[in-house]
């Protein structure tokens with residue numbers, strides 16, 4: 336039987352004697368003691384991959400150590416050694432990350448061995464679940480969750496040690512045609528084959544993730560030049576294009592690869608991914624498998640009818656724009672209470688395109704009003720659908736631009752959309768920025784009041800990032816403030832962001848306004864916001880923006896997490 340390594344941390348010599356003797360009497364022998372002399376601090380032991388369990392005597396610094404262990408994703412199971420244990424203390428310690436506890440007055444062999452065995456088994460089960468949850472079941476490559484974690488770690492190492500990390504975004508050309516012609520089973524065979532080919536071109540320090548049906552992302556650590564990145568990408572393109580057999584026929588496909596390099600092309604995860612994907616889409620617009628490195632000068636430069644302007648006009652005419660919805664969660668209860676509708680262009684050839692690549696052009700072409708009404712229509716249909724799914728208490732928020740709300744017909748068209756969709760106007764929220772309001776305060780106030788009479792509510796988006804005029808909060812019918820993600824990003828380790836967040840939360844409370852924090856991605860951020868009584872939050876910690884049909888699943892998963900937390 337494999338032996339598990341146990342470390343005892345206590346200043347009391349009797350604790351060491353009693354526990355070590357108990358572990359030595361285990362039958363069959365399955366525990367071995369580690370020497371505490373090799374660790375200067377308890378946190379080192381909790382982070383050491385060779386330590387399976389740490390039994391630590393409870394003391395003044397225990398809670399601090401637990402918080403650090405949580406922050407650094409400690410791998411070892413932690414069992415606390417206590418003199419007494421009441422329910423409140425045990426619940427608090429478990430919430431901070433302690434796996435179990437032992438009482439000094441009750442260190443019988445059977446109990447000690449059972450607690451250790453259970454902790455080790457639970458640790459192994461969680462590691463297995465974590466491994467499965469980070470992997471794509473078809474290819475064994477990382478999935479989106481695993482990809483994000485690996486890329487962020489790679490970016491951290493790049494920053495620490497001063498080397499470059501490249502991100503390749505790969506799309507298989509005409510994969511939908513393969514699926515349609517040969518069927519999904521052969522399509523899966525092709526994806527697995529391509530995944531193996533890509534893996535064979537990677538170094539041990541690189542990683543691959545499947546981030547879509549026909550899309551892969553590859554993280555290349557410690558690259559010395561863009562020439563090296565291009566050489567690897569060219570090998571991948573050549574490998575992908577090699578023929579394979581599907582249904583006894585020889586088939587060949589090509590791919591398009593875009594690259595972005597950290598830190599030159601982006602220092603934040605979303606930016607780096609968006610830039611690599613943008614480069615991939617540019618490569619996809621060119622005939623044949625191509626590799627393109629991101630540049631801020633990249634633009635859609637297709638000829639005549641294939642120009643971005645022509646494609647956008649077609650997209651508006653054929654209503655190719657759709658909405659994905661980012662959940663908004665009530666912090667005290669953990670329930671879904673709102674959604675922010677985010678625009679996507681579902682291009683027939685290039686797939687989903689994010690607004691950063693086309694919105695400014697839409698503004699220049701005067702298309703935003705038409706697109707804006709389509710967005711409101713989609714959002715109202717979504718609210719009506721949510722009511723049918725018994726999620727009638729969920730608000731749907733839509734971003735409104737100045738060009739939309741300044742139009743004289745705006746209120747009338749919104750009324751008509753609500754009437755035709757059957758949506759509950761009291762569950763529709765319009766998000767507006769301070770710059771939108773500043774453009775023409777009196778006219779906008781009049782339209783906001785008309786819409787408010789329908790039941791529509793208003794939130795002030797990106798609050799605190801502009802030239803805040805607090806008079807807006809009392810003169811306009813604003814019911815919610817959204818804390819911009821730039822004030823959440825480094826919580827709770829940035830005292831300036833802490834100050835801004837707590838000020839906005841308190842201001843909202845005193846004014847009777849709802850406060851929503853955006854961009855929450857970590858447990859520490861969530862805990863800070865919860866401790867400071869921020870009512871609602873949205874961000875990748877709970878979910879990215881997802882299609883409407885995935886919301887019932889999200890609600891079920893949140894319910895399971897709440898029950899698990901309640902009984903853990």
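Numbering (my numbering), first residue to last: 336 to 903. We put the CB at the ideal spot given by N, CA and C, even for glycine. On a predicted model such as this, the values are computed, not experimentally measured, just so you know.
In this structure, what does DSSP give as the bridge partners for residue i?
i	result
residue 601	According to DSSP, which records beta bridges pairwise, residue 601 is partnered with nothing at all.
residue 657	679
residue 941	The structure shown has nothing for residue 941, since the chain only spans 336 to 903.
residue 417	438
residue 795	767, 816
residue 340	367
residue 550	506, 547
residue 591	506, 625
residue 412	388
residue 871	665, 851
residue 584	581
residue 596	501
Should residue i be labelled buried (16 or more other beta-carbon atoms within 10 Å of its own) or exposed?
i	result
residue 718	buried
residue 761	exposed
residue 362	exposed
residue 888	exposed
residue 895	exposed
residue 491	exposed
residue 460	exposed
residue 496	exposed
residue 721	buried
residue 609	buried
residue 640	Its pLDDT being 35, under 50, residue 640 is placed unreliably by the model, and the measurement read from it follows with that caveat. Residue 640 is exposed by the Cβ-count criterion.
residue 884	exposed
residue 380	buried
Return helix, strand or coil for residue i, following the three-state DSSP convention.
i	result
residue 765	strand
residue 390	strand
residue 577	coil
residue 403	helix
residue 639	With a pLDDT of 36 at residue 639, under the threshold of 50, the predicted position of this residue should be treated as unreliable, though the coordinate-derived value follows. Helix at residue 639.
residue 675	strand
residue 707	helix
residue 499	strand
residue 474	coil
residue 811	coil
residue 757	coil
residue 560	coil
residue 849	strand
residue 542	strand
residue 802	Annotation note: pLDDT 45 at residue 802 (below 50); position unreliable, no value reported.
residue 607	helix
residue 383	coil
residue 665	strand
residue 721	helix
residue 647	helix
residue 702	coil
residue 686	strand
residue 431	coil
residue 486	helix
residue 555	strand
Check whether the Cβ atoms of residue i and residue j sit closer than 8 Å, and answer yes or no.
i	j	result
residue 849	residue 870	yes
residue 553	residue 537	yes
residue 712	residue 656	no
residue 660	residue 881	yes
residue 651	residue 706	yes
residue 688	residue 616	yes
residue 416	residue 393	yes
residue 567	residue 529	no
residue 855	residue 872	yes
residue 685	residue 739	no
residue 789	residue 813	no
residue 382	residue 410	yes
residue 733	residue 693	no
residue 851	residue 817	yes
residue 877	residue 662	yes
residue 447	residue 533	no
Practice prompt. Count the CB pairs spanning the region 577-594 and the region 516-533 that are closer than 8 Å, and state whether there are at least three.
Written response: yes
Item to complete: Could you tell me whether the region 592-610 touches the region 664-682, using the rule of 3 or more Cβ pairs below 8 Å?
Response: no
Practice prompt. Spell out a yes or no on whether the region 778-792 and the region 738-749 are touching, meaning 3 or more CB-CB pairs, one atom from each, closer than 8 Å.
Written response: yes
Worksheet item: Are the region 832-847 and the region 675-687 touching, with three or more C-beta to C-beta distances below 8 Å?
Response: no
Worksheet item: With contact counted as at least three CB pairs below 8 Å, one residue from each stretch, are the region 823-843 and the region 858-869 in contact?
Response: yes
Worksheet item: Does the region 343-354 touch the region 384-399, meaning 3 or more C-beta pairs lie closer than 8 Å?
Response: yes
Worksheet item: Counting pairs of beta carbons, one from the region 495-510 and one from the region 554-573, are three or more of them closer than 8 Å?
Response: yes
Worksheet item: Three or more beta-carbon pairs under 8 Å between the region 544-551 and the region 472-480, yes or no?
Response: yes
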